[in-house]
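Note sheet for the following structure.
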Amino acid sequence: MTKYLNTNSYMKYGASYNKPLKSVDFKLVSQSAKNVIIELFNNPLGDIPFFEAEMEKEGDTFRISVPIKKVFKKGDVIYYGYRVFGENFIKTREYKKGSDIGFISRLDSDGNRFNPNKIAYDPYSIELSHTHSSVSEDMKQFRSGGENYISDNSKIAPKTVFKIIKEQKIRKPKIRALKDEIIAEVHLKDLTRLCKMKNRGTYYAASKFVKEIKKTGVTMVEFLPLCEFDSHIEKGNHWGYMPLNYFAIKKSFSSDKKPYGALYEFRKLINEFHKNDIKVCLDVVYNHTAEGKTYGDNEDANLFSYALIDNKNYYKLAQNAHYTNHSGCGNDLNTINKISGELILNSLSFWINQGVDAFRFDLAVCLMDSSSSGYAMYDKDKGILSLLKKRLEDMGHTVNSPTEAKDGINLIAEPWMCSGAYNYQLGNFPYYFAEWNDIARDVIRAQSIRPNNVNPYAIRNIIEGTNTKFKGDLRSINYVSCHDGFSLFDLNTYNRPNPSTKGGFIGEMCSNYSDNIMEQDNAIRKEILLLMVSYGIPMIQFGDIFLHSKEGNNNSYNLDNKINRINYKLDKRKQKLNEYILKLIKFRKENKIFSQTYYKDTLEYYFPNSKRIDDNDESYWKNNSSNIICFKVADIKNSFYIAISKDKNPINLTLLKNSKNKNWFLIADTKKDFIDLKGKKADYKEYLLEPYGAVIFKEK
């Protein structure tokens, strides 16, 4: 058991309890602000501050130390926020809340958006009192356009929640390398929302559901974003990819509604997952925030926190101080800047200290930003990425590569951005990163639902860990489906997105078998089979294990309903597919050869007649009409023969000659819906592989 560090004492900024001095210390960083007033409230809504004072400026940091007796006059919790002044809104003696005294402009040419009429919550908040949409449906009280810039929003603005919390203990999972994990991606609320259990859809429910997760064979759960976000802003934000804060856990996912109850409940979740030897990965969104929306006029923008504190340094700005939008989400975090870089590092450190085992970085190319202008330029040797491992290790954390089995964390990249120079960086992250592999995704899909679009070389590339990008390193996160796009079941069932479910991504690859259930099911089995025998780390949506359907929706980011909620009540068809997938997961776990670093070096490729294929035979490898790939993988203990067909006709396989006193045993045949991990002895030298089928034989 390892102790959590005291959350109130190791935060570099924000509020912390100074036990020797019996005070609460507040620290806010801003490179551009001139004056900051802190206000403390007893209640989050409808209240006036019981304490306010100007903070002392030391370099880029504003500080104040308040005696604890003054902080906690009523109870053990307070709510606070900042009023921040700068070049475009100067602090004067005459300034009054809700006035334009000292006002120069809503937005100046340098990109400043200071407005002391708007309360800013602390970027280092461990909890926010509430979200913006809960008090202002149209966001007017948080905007800078028209007369909104004058109105004082302190009575309704979300504030930072602070209380002194105790150290807690956390279990650690067994030490193992990322290469040995089987990752399941899931939305925390959707995981248990349809279950008949107490507090369903919460951290509490997830912690009670962990034994069901363990039964599937999954060893790491990758949760969609859990940093605080506003679920109801705009057209909905169910997935959580519009973060408000990078330290506060999503409050509404907690059954404990008391201050800091969500953090306590999340810690209990970590303990329960680790107790059951399941690691926890957080999807983190350090490329943009939910704040940077403008309303036609660039001067009319949301003012929540970062824009009020240091707009031009927290965000990337283009010509005329417009927000850049290389994330495709309205703004870009200025990751090349010192204060944003520190924010990211301190956030990671915070979550590591809560027991998180791994991080998946959304649009991770943002960490490569090398340009201080609005014209994004991404370089793997520059930006915060170049020093990320060292900086984290300087903070006392260990960063493991995907093949290292040590007590430390793992990092996973989504290796692209939506725009900018060199915004696609698959294979270019440092050695200690694993990377989501969209090439593997597309080839695994194509070999089953678009067979004419893929050749054996492309399939071999995936089997060998996408060698064209990773050069033999075991760093590929292989997957078929993720939160973006169709679910596994829908991918193989629908021939186009269902517009009635508000789907998007019209050009996404989807099924050729929309009228043939047998072929749909074979395609599903075949895709998971290829996923589980390929070099890399397999990832599957948890809902895909249970053949979750989104009714043809392929962009369900905003839907908090049955479209996203996992239904564990399966009909006979889905039950059979579920059993097949569970056995393929177990097959991967039981046969360690598929996760060994030497796996790809043991591969031998054969024609169906058992003759070896020359590596340079381009007439076979690069030919889309070459409709089968057969390969043997073997080490001292195990030998497997695997064949994957994309041919519309049956193919006769000649089984390879056995080692002395050994036989081939049929483990799986996707077309025959057969799987037996003990194997069925093959009393034959030839095997008829049915159209579009895939088989696994094991020698023993």
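Here the sequence shown is numbered in the numbering used here, starting from 558 and rising by one per residue.
Backbone N, C-alpha and C define an ideal beta-carbon position, used for all residues, glycine too.
Alpha helix (DSSP H) containing Met-1089: first to last residue?
1074-1090
Could you check whether Ile-1094 and Ala-970 sit closer than 8 Å to each other, using their CB atoms as the reference points?
Contact check for Ala-970 against Ile-1094 fails: the beta carbons are separated by 8 Å or more.
Alpha carbon to alpha carbon, how far is Ala-1080 from Ile-1074? Give it in angstroms, no decimals.
10 Å
Taking the beta strand (DSSP E) that Thr-1211 falls in, what are its first and last residues?
1208-1211 is the span of the beta strand (DSSP E), which, as asked, contains Thr-1211.
Sequence-distant residues of its chain with Cβ nearer than 6 Å to Lys-850 (five each side left out)
Asn-859, Gly-887
Which value, in whole angstroms, describes the spacing of the CA atoms of Ile-676 and Pro-715?
8 Å
Check this for me: beta carbons of Ile-625 and Ser-666, under 8 Å apart or not?
no
Skipping 5 residues on each side, what residues in its chain have a beta carbon closer than 6 Å to that of Asn-705?
Same-chain partners within the cutoff: Lys-697.
Compare the Cα-Cα distances from Phe-1151 to each of Ile-1253, Asp-604, Gly-758 and report the closest residue.
Nearest C-alpha to Phe-1151: Ile-1253.
Cα-Cα separation between Asn-794 and Lys-808, rounded to whole angstroms
14 Å
Which whole-angstrom value is the C-beta distance of Leu-1223 and Ala-1239, which I expect to be below 8 Å?
Going by Cβ atoms, the distance from Leu-1223 to Ala-1239 rounds to 6 Å, so yes, they are a contact pair.
Close beta carbons around Arg-670, own chain, < 8 Å, minus the five adjacent residues each side:
Excluding the 5 residues flanking it on each side, Arg-670 has same chain C-beta neighbours closer than 8 Å at Asn-645, Arg-663, Leu-664, Ser-701, Ala-858, Leu-860, Ala-864, Leu-865, Asn-868, in chain order.
Out of Asn-870, Arg-998, Gly-638, Ala-978, which one is the CA nearest neighbour of Ser-682?
Gly-638
Within 8 Å, do at least three Cβ pairs link the stretch 722-730 to the stretch 757-774?
no
Applying the 10 Å Cβ sphere with the 16-neighbour rule, what's the burial state of Met-754?
Burial call: exposed.
Which term fits Ser-656, buried or exposed, when burial requires 16 or more other beta carbons within 10 angstroms of its beta carbon?
exposed
Could you tell me if Asp-951 is buried or exposed, where buried requires 16 or more neighbouring beta carbons within 10 angstroms of its beta carbon?
exposed
With 16 other CB atoms within 10 Å as the buried threshold, where does Asp-854 fall?
So Asp-854 counts as exposed.
Using a Cβ-Cβ cutoff of less than 7 Å, which residues in the same chain neighbour Gly-931 once the five nearest sequence positions on both sides are dropped?
Lys-873, Leu-874, Ala-875, Gln-876, Thr-881
Using the three-state DSSP reduction, which class does Phe-1043 fall into: helix, strand or coil?
coil
Taking Ser-862 as the reference, which of Thr-649, Gly-571, Lys-746 has the closest Cα?
It is Gly-571.
Within its chain, find whatever has a CB closer than 7 Å to the CB of Asn-1209; leave out the 5 residues flanking it on each side and keep chain order.
Pro-1165, Glu-1243, Leu-1245
DSSP on Asp-709, reduced to helix/strand/coil?
coil
How many angstroms separate the CA atom of Ile-1186 from the CA atom of Tyr-1241?
Distance between the alpha carbons of Ile-1186 and Tyr-1241 is about 21 Å.
Less than 8 Å between the C-beta atoms of Val-1000 and Ala-1015, yes or no?
It is a contact, given that the beta carbons lie within the stated cut-off.
Three-state secondary structure (DSSP) at Ala-875?
coil
In whole angstroms, give me the CA-to-CA distance for Ile-605 and Leu-748.
Computed Cα separation, rounded: 40 Å.
What separation, rounded to the nearest whole angstrom, lies between the Cα atoms of Glu-899 and Leu-585?
The straight-line gap from Cα to Cα measures roughly 12 Å.
Cβ distance (whole Å) where His-831 is taken to contact Lys-729 below 8 Å
6 Å
DSSP three-state call for Met-1096: helix, strand or coil?
strand
Where does Arg-717 fall in DSSP's three states?
The sequence as given places Thr at residue 717; Arg does not occur at that position. Three-state DSSP puts Thr-717 in a strand.
Can you tell which of Ile-727, Gly-965, Asp-787, Leu-924 has its C-alpha closest to the C-alpha of Asn-833?
With distances taken between CA atoms, Asn-833 lies nearest to Ile-727 out of Ile-727, Gly-965, Asp-787, Leu-924.
Tell me, please, which residues DSSP counts as bridged to Ser-1273.
Because the chain spans 558 through 1257 in this model, residue 1273 falls outside it and cannot be assessed.
Should Tyr-1155 be labelled buried (16 or more other beta-carbon atoms within 10 Å of its own) or exposed?
exposed
Please list the segments of the beta strand (DSSP E) lying wholly inside the stretch 975-1043, counting only runs of 3 or more residues, in order along the chain.
990-993, 1033-1036
Range covered by the beta strand (DSSP E) that runs through Leu-585
580-586
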